[in-house]
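Just below is one structure, and these are the notes that go with it.
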Amino acid sequence: RFKEKDKDYDVLWLMTEIKQLTSGLDMKCSKHSVYHDALLQFVSMQQEKTETVDNWIKQVESNADTLIMIGGSKVLLNEALMENGENATADKRRKEANKFKALIAMK
Numbered sequence: 133r134f135k136e137k138d139k140d141y142d143v144l145w146l147m148t149e150i151k152q153l154t155s156g157l158d159m160k161c162s163k164h165s166v167y168h169d170a171l172l173q174f175v176s177m178q179q180e181k182t183e184t185v186d187n188w189i190k191q192v193e194s195n196a197d198t199l200i201m202i203g204g205s206k207v208l209l210n211e212a213l214m215e216n217g218e219n220a221t222a223d224k225r226r227k228e229a230n231k232f233k234a235l236i237a238m239k
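Be aware that the sequence shown starts at 133, since it is given in this note's numbering, and climbs by one per residue.
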């Protein structure tokens with residue numbers, strides 16, 4: 133599969149594969165199990181006492197990216213909590229998801 137993707141210069145595929153390998157999640161398990169593990173990891177992470185704020189924010193972003201990658205983007209963006217959520221623009225959706233990530237980072 134790599135040879136095929138390499139010919140196409142598919143950098144996005146390569147980055148997704150690397151993210152899956154480094155996420156600590158076993159992508160060969162049940163999709164539900166992987167989703168559960170990623171969700172649990174996202175909501176239970178805590179900043180270490182000696183961890184800088186910049187590194188902590190990177191960790192939150194990385195775990196959010198992992199959650200999105202395995203299909204958990206709805207966790208970050210609940211349209212029911214947004215005013216006129218089903219008709220929100222992409223920019224508004226991104227801002228709402230960022231608010232939730234910030235909340236997770238602060239808890």
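Idealized CB from N, CA, C, for every residue including glycine.
Tell me the DSSP secondary structure of residue i in three-state form.
| i | result |
| --- | --- |
| residue 219 | helix |
| residue 169 | helix |
| residue 198 | helix |
| residue 177 | coil |
| residue 148 | helix |
| residue 205 | helix |
| residue 133 | coil |
| residue 210 | coil |
| residue 239 | coil |
Confirm, please, whether the CB-CB distance from residue j to residue i is below 9 Å.
| i | j | result |
| --- | --- | --- |
| residue 202 | residue 166 | yes |
| residue 228 | residue 237 | no |
| residue 204 | residue 174 | yes |
| residue 198 | residue 151 | yes |
| residue 214 | residue 226 | no |
I'd like the list of long-range same chain contacts for residue i, defined as Cβ closer than 8 Å, with 5 residues on each side in sequence excluded.
| i | result |
| --- | --- |
| residue 233 | 192, 193, 196 and 208 |
| residue 137 | 145 and 146 |
Please classify residue i: is it buried, with 16 or more other beta-carbons within 10 angstroms of its beta-carbon, or exposed?
| i | result |
| --- | --- |
| residue 222 | exposed |
Using a Cβ-Cβ cut-off of 7 Å (strictly less than) and excluding sequence neighbours within five positions of residue i, which residues of its own chain qualify?
| i | result |
| --- | --- |
| residue 170 | 157, 198, 199, 202 and 204 |
| residue 179 | 188 |
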